[in-house]
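Under our numbering, the first residue of the sequence shown carries the number 81, and numbering increases by one thereafter.
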Amino acid sequence: MATNLKNLSDYDIKSVPSASNMRFGIVVAEWNSDITNALLKGALETLKKHGALEENILVKFVPGAVELTLGAQFMAEYADLDAIICLGCVIQGETRHFDFVCQSVTHGITELNMNYNIPFIYGILTTDNIQQAKDRSGGSYGNKGDEAAVTAIKMAQLQGEMEEMEE
């Protein structure tokens, strides 16, 4: 669904389970830091609103969007986490660089989801201009960081439910 048809921060609060016993990693790209810091703020506030403890949230920064996948992989390998949120912002420029970065990050996060036994959440804005990025990082269309945090909680809960079925 197109973002202009939905506010990224609107969701049924009752549909989100408690995150009080969950541990989260958040990897944030430093590139477009005004935007990515706003995404981080939204994700942190949403995780805490649903019970996540500050000491159970690990935040690390990487230089740019392409580095998000390796940063997330490091988190998966070196920390005991229930979900990892990847936050970044890629804005269309005058060259095809945008296409290569977006494709690389999307493919990388998909691969992480398939190769590790925890959810990796795609919280990357891919916009045509800075205004669209601002609108989706706390502006008129909400905050993609909120959406990513809700997705992380729900996916961690789903994994826990599936693991309980094995027992």
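Just so it is clear, CB atoms sit at the ideal spot from N, CA and C, and this is done for glycine as well.
- In terms of Cβ geometry, Phe180 and Leu192 do not form a close pair [threshold 7 Å].
- Collapsing the DSSP output to three states places Gly144 in coil.
- Contact between Val108 and Val146 does not hold, since their C-beta atoms are separated by about 14 Å, which reaches or exceeds 8 Å.
- Its chain contains Asn112, Ile115, Thr116, Leu205 and Ala213 as the residues whose beta carbon lies nearer than 6 Å to that of Cys169, once the 5 sequence neighbours on both sides are disregarded; these appear in chain order.
- Following the DSSP letters along the chain, one finds Ile201 inside the beta strand (DSSP E) bounded by residues Phe200 to Thr207.
- In this structure, the CA atom of Val142 is about 11 Å from the CA atom of Ile106.
- Counting along the chain, Gly105 sits inside the beta strand (DSSP E) bounded by residues Phe104 to Ala109.
- Secondary structure note for Leu192: it is in no beta strand (DSSP E), and the uninterrupted alpha helix (DSSP H) holding it is His177 to Asn195.
- When C-alpha distances from Asn87 are compared across Ile210, Gly203, Arg216 and Gln172, the shortest belongs to Arg216.
- Here DSSP, grouped into helix, strand and coil, assigns Ala99 to coil.
- Restricting attention to Ile171, Gly240 and Gly144, the CA atom closest to the CA of Gln211 is found in Ile171.
- Within 10 angstroms of the beta-carbon of Ile164 lie 16 or more other beta-carbons, which makes it buried.
- The C-beta of Thr190 has fewer than 16 other C-beta atoms within 10 Å across all chains shown, which makes the residue exposed.
- Looking from the CA of Gly188, the closest CA among Ala152, Asp162, Ala228 and Asn223 belongs to Ala152.
- Using a Cβ-Cβ distance cut-off of 8 Å, the region 127 to 138 and the region 239 to 247 are not in contact, since fewer than three pairs of beta carbons, one from each stretch, lie closer than that value.
- Residue range Ala163 to Ile171 is occupied by the beta strand (DSSP E) that includes Leu167.
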